[in-house]
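Down below is the structure, laid out as structure tokens.
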Amino acid sequence: MIWLVGAVLVWLGAWALNVRLAASAFGRTRAGRLAVATLFGITLLVLWEGLVRGLAVSPIILPGPSVIGPKIAASLPTLWADFVQTVVKGALSGFAIGTAAAFVAAIAIDRSPFLQKGLLPIGNFVSALPIVGLAPVLVMWFGFDWHSKAAVVVVMVFFPLLVNMVAGLQATDPLHRDLMATYSASYPQRLMKLRLPAAMPFFFNGLKIAATLALIGAIVAEFFGSPIVGMGFRISTEVGRLGLDMVWATIAVAALSGSALYGLIALIESRVTFWHPSQRK
Amino acid sequence: MMTDRALPVLTVLLAIFALWYAAAVWMNAKWVYDQASRAGTTVTLAEVIPQTMAQPRPLLPPPHQVATELWKGVAAQAVTSKRSLVYHGYVTFRGTMMGFALGIALGVGLAMAIVRFRVMELSVMPWAIISQTIPIVALAPMILTVSNQMGIDNREVPKAIISAYLSFFPVLVSMVKGLRSPDQMQLDLLSTYGASQGQTFWKLRLPASMPYFFASLKVAIAAALVGTIIGELPTGAIEGLGARMLIGSQFGEPLIMWAALFAAAILAGGLIVIVGLIERMARARMGAPA
């Protein structure tokens, strides 16, 4: 009971503090925004711990953060092996191949109005389909190891990236194109100096969507068969053994990798598209 | 508009079919050659091609084989049969709709709170973004165990939660944008009328957000379907298109897998078309320019 009341009190206190912070001048600064968000995250963890202890929830249903934390520390080698297998070998290699393929394909499509009209509606449609469903097929084709996971990721990230990239290549201003024409710029020059830079905000938008999809694809593909290492494998076997602390530890790693990948892309984006209105401070 | 697109789209579709047949011949040929060498005979290319078109367990079934299997699953069974794709499609559809409704409610609710209270924006919005970088599939098996342990026998609930988790985010982002879309002049006008917060919300912000809302629904419904299928995968679920795919994969029946995959694609297409129609109707009724 004391845990429950304590957790709720901490939550209320932190919330009140957050309200004050958000209204103050500090809340308008970058550090202030970060502080409010962090405080909210911490209160969620406290609330979770308090509820688990206060209501005496069995660790088989929901372990608290205080159980999960040590579990992470204790099983670092396993988690690292899973991370390398699923994220580095499966998701990242597939992500890189899919991105490169979509990039090249978009430039090729952009040269032909016929292909644009024909491929874009289909690409739009395909990117709304549950492509995850291809996972079992690709596992059958490429075997249980990471190659099949990378293949799933390639297919999953290709279409959203293609659609975004093609839209980006068309996003140039007529004025800019006219200027390029008066300079009598050749096609490669126009591409390198005008169209590709103009497409970058769209491209990064696609990359951000694809980053999440890549991890989902790599993990789902492991449900259809995998070697005895990998996040998807770990989750499905540990759930079967009711080792929920290990499941949560793996989820924490997955969340961390997903956020890190997203953050990395956002960082590169702010360097590459510093001129775009959404990036101006 | 439609006619000048029809030709390119048809051409691309034809090219896809041609590639598909070629790939089917190429990928399935190995099996034919293996059979022949085991039987001690040789086959010519002209004999190989027909045999790649009708294998019981093809590596890549050609389109007509998938179509036949799909037709068998849809039309040749009673709709209530466990082998009917209509039945499994309906299970998935039901899960999708529940998750979609839940996702819309959550997304709109959070967006309203975020637009109204600055503290909500600062504290919840970053975590909403982070929540989407967590691969939900990692949570799927666990949501299922947990709800089982808590005595929720209904398989729909965990599926709906997963599907809502994926579909609330596009709605949230668009609604925040939409509720903020009225410009300062319009807000000023309402404050000269002495409108209350509630009146401003109902008469200005909410109507102004509708185009954003409907645009997000198309993304959300696709996400909800993906979520439902993922929710059916790792769980030993026995109903639904995702479960069909898993069964096809585990029992080495590629045709079942492909039929389920295409059933899911058709379902996705249908849902998107329906959402688009609803959007058109709503926009027409609200007097938006077509």
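If you're matching them up, the sequences are chains A and B in order.
Quick note on numbering: the first sequence equals residues 1 to 281 in my numbering.
Quick note on numbering: the second sequence equals residues 282 to 571 in my numbering.
The beta carbon of each residue, even a glycine, is placed where N, CA and C say it ideally should be.
8 Å Cβ cutoff, proline 121 of chain A in contact with chain B
Closer than 8 Å: yes.
Touching or not, the region 474-483 of chain B and the region 500-510 of chain B, by the rule of three or more beta carbon pairs under 8 Å?
With the rule of 3 Cβ pairs closer than 8 Å, the region 474-483 of chain B does not count as touching the region 500-510 of chain B.
Within 10 Å of its beta-carbon, does phenylalanine 159 of chain A have 16 or more other beta-carbons around it, so buried, or fewer, so exposed?
Phenylalanine 159 of chain A should be labelled buried.
Quick check on the burial criterion: 16 or more other C-beta atoms within 10 angstroms. Buried or exposed for glycine 321 of chain B?
So glycine 321 of chain B ends up on the exposed side.
Histidine 345 of chain B: buried (16+ other C-beta within 10 angstroms of its C-beta) or exposed?
With a 10 Å radius around the Cβ and a threshold of 16 neighbouring Cβ atoms, histidine 345 of chain B comes out exposed.
What did DSSP end up calling methionine 192 of chain A once you bin it into helix, strand or coil?
DSSP, read as helix, strand or coil, puts methionine 192 of chain A in helix.
Just how far apart, CA to CA, sit phenylalanine 142 of chain A and alanine 151 of chain A?
In this model, phenylalanine 142 of chain A and alanine 151 of chain A are separated by some 8 Å (Cα to Cα).
Please confirm if phenylalanine 40 of chain A has its CB atom under 8 Å from at least one CB of chain B.
Interface residue, yes.
Less than 8 Å between CB atoms is the rule here; does isoleucine 424 of chain B satisfy it with respect to chain A?
Proximity of isoleucine 424 of chain B to chain A, defined by a Cβ-Cβ separation below 8 Å, is not satisfied.
Three-state secondary structure (DSSP) of tryptophan 275 of chain A:
The three-state secondary structure of tryptophan 275 of chain A, taken from DSSP, is coil.
How would you write the range of the alpha helix (DSSP H) that proline 227 of chain A sits in, first residue to last?
Per DSSP, proline 227 of chain A lies in no alpha helix (DSSP H) segment and is marked neither H nor E.
Cβ neighbour criterion (16 or more within 10 Å) applied to glutamate 328 of chain B:
It counts as exposed.
Once DSSP output is grouped into helix, strand and coil, what is the label at threonine 473 of chain B?
In the displayed model, threonine 473 of chain B falls within a helix according to three-state DSSP.
Nearest by alpha-carbon distance to alanine 171 of chain A: which of A:Pro70, A:Met192 and A:Phe202 is it?
Residue A:Phe202 is the option with its Cα nearest to alanine 171 of chain A.
Chain B contacts from the region 253-276 of chain A (Cβ-Cβ distance under 7 Å)
Under the 7 Å Cβ criterion, the region 253-276 of chain A contributes Ala254, Ala255, Gly258, Ser259 and Tyr262.
Taking 8 Å as the threshold (beta carbon to beta carbon), is alanine 37 of chain A in contact with chain B?
Output row for alanine 37 of chain A: interface = yes.
With three or more beta-carbon pairs closer than 8 Å as the criterion, would you say the region 345-354 of chain B touches the region 529-544 of chain B?
For the pair of segments examined, the region 345-354 of chain B was found to touch the region 529-544 of chain B: the number of CB pairs separated by less than 8 Å reaches three.
Where does methionine 431 of chain B fall in DSSP's three states?
Here methionine 431 of chain B sits in coil by DSSP.
Considering only the alpha carbon of each residue, which of B:Met423, B:Ala524, B:Phe450 and B:Leu447 lies closest to threonine 237 of chain A?
The candidate whose alpha carbon is nearest that of threonine 237 of chain A is B:Met423.
Residues in its own chain within less than 7 Å of glycine 206 of chain A by CB, not counting five upstream and five downstream?
So the qualifying residues of the chain are Pro160, Leu161, Asn164 and Met165.
Going along the chain, which residues of the region 235-246 of chain A sit with their C-beta nearer than 7 Å to a C-beta in chain B?
Against chain B - using a Cβ distance shorter than 7 Å - the residues of the region 235-246 of chain A are Ile235, Ser236, Val239 and Leu244.
The alpha helix (DSSP H) that contains proline 136 of chain A, what's its start and end?
Annotation for proline 136 of chain A: the continuous alpha helix (DSSP H) segment containing it runs 135-142.
Member of B:Leu341, B:Ser444 and B:Tyr368 whose CA lies at the smallest distance from the CA of methionine 379 of chain B:
Cα-wise, what sits closest to methionine 379 of chain B is B:Ser444.
When you compare each of B:Ala317, B:Val372, B:Asp315 and B:Thr292 to isoleucine 260 of chain B by their alpha carbons, which one comes out closest?
The structure shown has nothing for residue 260 of chain B, since chain B only spans 282 to 571.
Quick one: what does DSSP say isoleucine 61 of chain A is sitting in, helix, strand or coil?
Under the three-state reduction of DSSP output, isoleucine 61 of chain A falls in the coil class, being neither helix nor strand.
Per-residue burial, methionine 575 of chain B [other beta carbons within 10 Å of its own, 16 or more giving buried]:
Within the shown structure, residues of chain B are numbered from 282 to 571, placing residue 575 of chain B beyond reach of any answer.
Contact list for phenylalanine 224 of chain A against chain B, beta-carbon separation under 7 Å:
Chain order gives the chain B residues near phenylalanine 224 of chain A as Ser530, where near means a beta carbon separation below 7 Å.
Please identify the residue among A:Val153, A:His176 and A:Val229 whose C-alpha is closest to the C-alpha of threonine 78 of chain A.
Per the C-alpha coordinates, the member of A:Val153, A:His176 and A:Val229 positioned closest to threonine 78 of chain A is A:Val229.
Give me the chain B residues within the contact set of asparagine 18 of chain A, using Cβ-Cβ distance strictly less than 8 Å, ordered along the chain.
Chain B residues near asparagine 18 of chain A: Val400, Leu403 and Ser404.
Can you give the beta carbon distance from phenylalanine 494 of chain B to methionine 456 of chain B, rounded, assuming they're within the 8 Å contact cut?
Yes, they are in contact, since the Cβ atoms of phenylalanine 494 of chain B and methionine 456 of chain B sit about 6 Å apart, within 8 Å.
Output, in sequence order along the chain, the residues in the region 70-102 of chain A whose CB is closer than 8 Å to any CB in chain B.
Going along the region 70-102 of chain A in chain order, one finds no residue with a Cβ nearer than 8 Å to chain B.
Limits of the alpha helix (DSSP H) - the one that lysine 117 of chain A falls within:
Bounds of the alpha helix (DSSP H) holding lysine 117 of chain A are 113-127.
Can you tell me whether phenylalanine 494 of chain B is helix, strand or coil according to DSSP?
Helix.
Can you tell which of A:Leu196, A:Ala198 and A:Asp145 has its C-alpha closest to the C-alpha of proline 227 of chain A?
Ranking A:Leu196, A:Ala198 and A:Asp145 by Cα distance to proline 227 of chain A puts A:Asp145 first.
Between the Cα of alanine 254 of chain A and those of A:Thr38, A:Val87, A:Met1 and A:Val10, spot the shortest distance and give me the residue it belongs to.
The shortest Cα separation from alanine 254 of chain A among A:Thr38, A:Val87, A:Met1 and A:Val10 belongs to A:Val87.
What residue range does the alpha helix (DSSP H) around proline 242 of chain A cover?
Position check: residue 242 of chain A holds leucine in this sequence, whereas proline was assumed. Counting along the chain, leucine 242 of chain A sits inside no alpha helix (DSSP H), nor does DSSP assign it H or E at all.
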